[in-house]
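Residue numbers (our numbering): 87 to 327.
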């Protein structure tokens, strides 16, 4: 029938678009995910969202959405923090839109894949994927807070500049900025009954660095801890605690 032929053609075009996306750098990714987002916004029901997720290889390929955020060149130079944030926000917008249109179980699978990847990885893939976290919050905290909590050590390491794999990376400043945004979003989205535990763990990690009396404390460590506390405070203020 004409309808089935149209559907088949649509799926072929979608798969080709996804293949183009996979072959691009971060600059092309930004334009591609914005186009996917606009298409999702114009669609109705769940079928197009399911087809889009399948074409992009989600949930397993979630890290690809963040590939090169902090390192792919922009106009011949390393990207500015502003360019990195623009790349991240485009991908976050896509995730938010996709989550609204996917069936609940598939949306949760995408969210959990991202959370697991952040909790278990390092170097640039970790830094880039941390930038996606605000795109699945606060929804992921509602049904997957255990997974969200497991990302906190990695987020804090990256946000404070304490991750040895990232400290000397050219993309370190952008990675730290993405992580500080993620930290604030996690605190803001944390279930009310978990806030005190979250803050206690955070104090155990960074409190000693801000109390002074540590001769070995470097200027970078102190600054990193202070920036993390500022993000936590901003998250608490946003939730009204």
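Yeah, the Cβ is synthetic: ideal placement off N, Cα and C, and Gly gets one too.
Q. What runs of the alpha helix (DSSP H), each 4 residues or longer, lie entirely inside the region 129–178?
A. Scanning the region 129–178 from its first residue to its last, the whole alpha helix (DSSP H) runs of 4-plus residues come out as 133–142.
Q. Taking just the CA atoms, how far does residue 172 sit from residue 229?
A. Taking the straight line joining both Cα atoms gives about 28 Å.
**Q.** Given residue 204 as reference, the closest of 265, 188, 170, 168 once Cα atoms are compared
**A.** The residue with the shortest Cα to Cα distance from residue 204 is 265.
**Q.** Spatial neighbours of residue 284 in its chain, beta-carbon cut-off 6 Å, leaving aside the 5 residues before and after
**A.** Cβ neighbours of residue 284 beyond the five flanking positions: 276.
**Q.** For residue 214, the nearest candidate out of 286, 232, 148 (CA to CA)
**A.** When C-alpha distances from residue 214 are compared across 286, 232, 148, the shortest belongs to 148.
**Q.** Through-space distance from residue 128 to residue 210, alpha-carbon basis
**A.** Their Cα atoms are separated by approximately 34 Å.
Q) Ordered along the chain, which non-local residues of its own chain (more than five positions away) have a Cβ less than 8 Å from that of residue 120? A) If we look at residue 120 and ignore the five residues flanking it on each side, its Cβ neighbours are 176, 179, 180.
**Q.** Boundaries (first-last residue) of the alpha helix (DSSP H) holding residue 237
**A.** Unbroken run through residue 237: none, as it is neither H nor E.
**Q.** Three-state secondary structure assigned by DSSP to residue 216
**A.** Three-state DSSP puts residue 216 in a helix.
Q: With hydrogens ignored, establish whether the beta-carbon of residue 185 is closer than 7 Å to any heavy atom of the ligand NAP.
A: The model depicted lacks the ligand NAP and carries no ligand whatsoever.
Q: With distances taken Cα to Cα, identify the nearest neighbour of residue 81 among 247, 238, 221, 259.
A: Because the chain is modelled from 87 through 327, residue 81 falls outside the range shown and cannot be assessed.
Q: Helix, strand or coil for residue 269, going by three-state DSSP, please let me know.
A: Three-state result, residue 269: helix.
Q. For residue 151, which option in 161, 104, 194, 160 has the closest C-alpha, if you only look at C-alpha atoms?
A. That would be 104, whose Cα lies nearest to the Cα of residue 151.
(Q) Once DSSP output is grouped into helix, strand and coil, what is the label at residue 195? (A) Residue 195: helix per DSSP, three-state reduction.
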